[in-house]
Amino acid sequence: MESEARNQINNDYNKFFYATMCHVCKRIGDGVPLKLCSNCKMISYCGQEHQKQHWKQHKPLCKAIQNVLQGRQGYNMNVRGETSEEWINIKQMFMLLVSRVLKRRLTMCEMQMFKFPRECLICHERNAQSLKVCQKCATCFCIKDHEDGIEHRNICASLELCFRSDLLATKEDRTNSCVPDMISYAKHVFDTNIEFLDMNDFIDAYGVIRDDSDPDGALAADHSQYLTRPLTLFCAMRLLHYSPRSNKDFVVHVVGASRAEECTLIGWEVLSCLLEIVMSVTIVMIGPELKYKYTSNACDPCTSSDNKSLFLSTTMRYTTTMYAARHS
């Protein structure tokens, strides 16, 4: 897995974080001598070259972490709470304090540093001498007594799939042409009438994935990230026996939208075809983390010019957005 990661990663290494590997090249394995940042002790590198490469980006966060740990904000990394819930709350407080020092929101990658630090998955032990990286999922630490525990076994395969999916998203040849082809999904839905019960059924029925090209399921997992939101809404509409009127535009407000939802926006293309009604579907993304503004058509996968998807986005609050819409 170490060589696989090294061969697939490009310079966009801030898309995700794993405490088990070099943050820059994502190398992992017994032959990779990881070195913790000596200041914050929350991020690792395979050597000085990659540590220096990342330092300009890491420096503000690193100093903010030290500020919190050495200050009077009341955070103590040695106090983990009696339960997992208490420990989660402590880490959430740590993130909040660091965010206040930085005077900005933490990125998704930065939040992963706090949520999934270098610690035993089960007991949260942080003694480096006691921790061992799982060689299968490559994403978590366990002490010897917990390495084969049921808590880890139950999620090991899912963690491995998550890691491979993350690697897929940062492959060097990942261009717009490699983004899951939602247009093909939409056209297949429009041209056929196949029943599906869940995500696997949908991808099997309408997908463009060859079995031999996805032996570990990473491609299907990647596609599911684009499809999960429109299919969840469509499933809820079926359960409620709700059918929109064909003479009205169908508007979906995605409130509190994150960067992850923004990056998978194209997946909503399938919804207009699933509705089986000639109408315009407008997806309005509302959230403070959004980076781009969409005001145009994304595509027209179906044959009717009246059956199309429109994407809009705003960083305003939901109430402000609704007020502006009513008075525009």
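Numbering of the sequence shown is given in the numbering used here, commencing with residue 788 and proceeding in unit increments. All residues carry an ideal CB built from backbone N, CA and C; glycine is no exception.
query, result
"State the DSSP-derived secondary structure class of T770, mapped to helix, strand or coil.", "The first residue shown for the chain is 788 and the last is 1115, placing residue 770 beyond what the model contains."
"Report yes if the C-beta distance between I990 and H975 is below 7 Å; otherwise report no.", "no"
"Should Q857 go down as buried or exposed, given a rule of 16 or more other Cβ atoms within 10 Å for buried?", "exposed"
"Below 8 Å on the Cβ atoms is my guess for V885 versus I852; work out the distance and round it to an integer in Å.", "6 Å"
"Among the residues of its own chain, which have a CB less than 7 Å from the CB of T1107, if the five just before and after it don't count?", "none"
"Considering only the beta carbon of each residue, do L955 and A1005 sit closer than 7 Å?", "yes"
"State yes or no: is the C-beta of R1104 within less than 7 Å of the C-beta of E1076?", "no"
"Sort F803, T1019 and L1052 by Cα distance to T926 and report the nearest one.", "F803"
"What separation, rounded to the nearest whole angstrom, lies between the Cα atoms of D889 and C896?", "The sequence shown places Leu at residue 889, not Asp. Looking at the two C-alpha atoms, the distance is approximately 15 Å."
"Is it buried or exposed for E870, if we count other Cβ within 10 angstroms and need 16 for buried?", "The sequence shown places Thr at residue 870, rather than the Glu named in the question. So T870 ends up on the exposed side."
"Mapping the DSSP letters down to three states, classify T1090 as helix, strand or coil.", "Note that T1090 has pLDDT 45, beneath the 50 cutoff, so the model's placement of it is unreliable and the number below is only indicative. Looking at T1090 - three-state DSSP - the assignment turns out to be coil, as it is neither helix nor strand."
"Buried or exposed: V1042, going by 16 or more other Cβ atoms within 10 Å of its Cβ?", "exposed"
"Are L1014 and G1054 touching if we call contact CB-CB under 7 Å?", "yes"
"Below 7 Å CB to CB, which residues in the same chain sit around E872 once its five sequence neighbours on both sides are set aside?", "none"
"Please report the residue range of the alpha helix (DSSP H) in which F989 lies.", "M986 to Y993"
"What are the partner residues of M1072, as DSSP defines its beta bridges?", "V1041 and S1100"
"Nearest by alpha-carbon distance to I909: which of H933, Q922, T894 and V1039 is it?", "H933"
"Report back the beta-carbon spacing between L1018 and M986 to the nearest angstrom; my notes put them in contact at under 8 Å.", "6 Å"
"Residues in its own chain within less than 6 Å of K822 by CB, not counting five upstream and five downstream?", "Y832"
"How many angstroms separate the CA atom of V1057 from the CA atom of N854?", "47 Å"
"Just grab the DSSP bridge partners of F928 for me.", "C907 and V920"
"Does D953 pass the burial test, meaning 16 or more other C-beta atoms within 10 Å, or should it be called exposed?", "buried"
"Taking D1003 as the reference, which of C924, A915 and R892 has the closest Cα?", "C924"
"Verify whether the separation of the beta carbon atoms of C849 and N876 is less than 7 Å.", "no"
"Alpha carbon to alpha carbon, how far is E959 from E1048?", "Summary for E959: the model assigns pLDDT 45, below 50, so the residue's position carries little reliability, and this model does not support an answer."
"Is the CB-CB distance between F901 and M880 below 7 Å?", "no"
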